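Engineer: Residue numbers (UniProt numbering): 1 to 127. Built from N, CA and C at the ideal position, the CB exists for glycine as well. Keep in mind the model is a prediction, meaning the values are calculated, not measured. One structure, as structure tokens, below. Some questions next.
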């Protein structure tokens, strides 16, 4: 019998209703199925290790954001700053969506009025 000093983090259960809602949103927002692979290959795998996260859905795919300060700031700097549709005056026309999700409870809350500079406060678990 061999033992390992590396302990693999157990895979957590993902609430089925959360996956079903995410699939419906994916099909509604991400029109071309070729862009669905972000969700099926990356997001579902990441959900097995992270129970609370933000999920950004846009016309060309999805982006999984762990609810850590570094990940949120990185998302602001790399994504929000570069997406013209998310500028405050165009927000109403945007099909992009941002959610905070919990794999244990199945809760999914849409975040409105987000922009560069206020994302951390919008996504904080305490808000």
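List the DSSP bridge partners of residue 57.
Structural biologist: Answer by DSSP bridge pairing, in chain order: 62, 97.
Engineer: Does the count of Cβ pairs from the region 34-45 and the region 92-103 closer than 8 Å reach three?
Structural biologist: Short answer: they don't touch.
Engineer: Going by alpha carbons, who is nearest to residue 13 out of 56, 51, 25?
Structural biologist: Answer by Cα proximity: 51.
Engineer: Taking all protein chains shown into account, do 16 or more other C-beta atoms lie within 10 angstroms of the C-beta of residue 76, making it buried, or fewer, making it exposed?
Structural biologist: Buried, by the Cβ-count rule.
Engineer: Got a sec, what are the start and stop residues for the beta strand (DSSP E) residue 104 sits in?
Structural biologist: Residue 104 -> no beta strand (DSSP E), and no H or E assigned at all.
Engineer: When DSSP labels each residue in this structure, what does residue 115 get in the three-state scheme?
Structural biologist: Coil.
Engineer: Grouping DSSP H, G and I as helix and E and B as strand, with all else coil, what is residue 16?
Structural biologist: Of the three classes helix, strand and coil, the one that applies to residue 16 here is helix, per DSSP.
Engineer: Going by CA-CA distance only, name the one from 33, 27, 31, 73 that's closest to residue 54.
Structural biologist: Minimum Cα distance to residue 54 is reached at 73.
Engineer: Start and end of the beta strand (DSSP E) containing residue 68?
Structural biologist: Where residue 68 is concerned, there is no enclosing beta strand (DSSP E), given that its DSSP letter is neither H nor E.
Engineer: Count the other CB atoms, across all protein chains shown, that sit within 10 Å of the CB of residue 80; report buried if there are 16 or more and exposed otherwise.
Structural biologist: When all chains shown are included, residue 80 counts as buried.
Engineer: Leaving out the 5 sequence neighbours to the left and right, which residues in its chain are closer than 6 Å to residue 58 when beta-carbon positions are compared?
Structural biologist: Closer than 6 Å at the Cβ level, and outside the excluded window around residue 58, lie 96.
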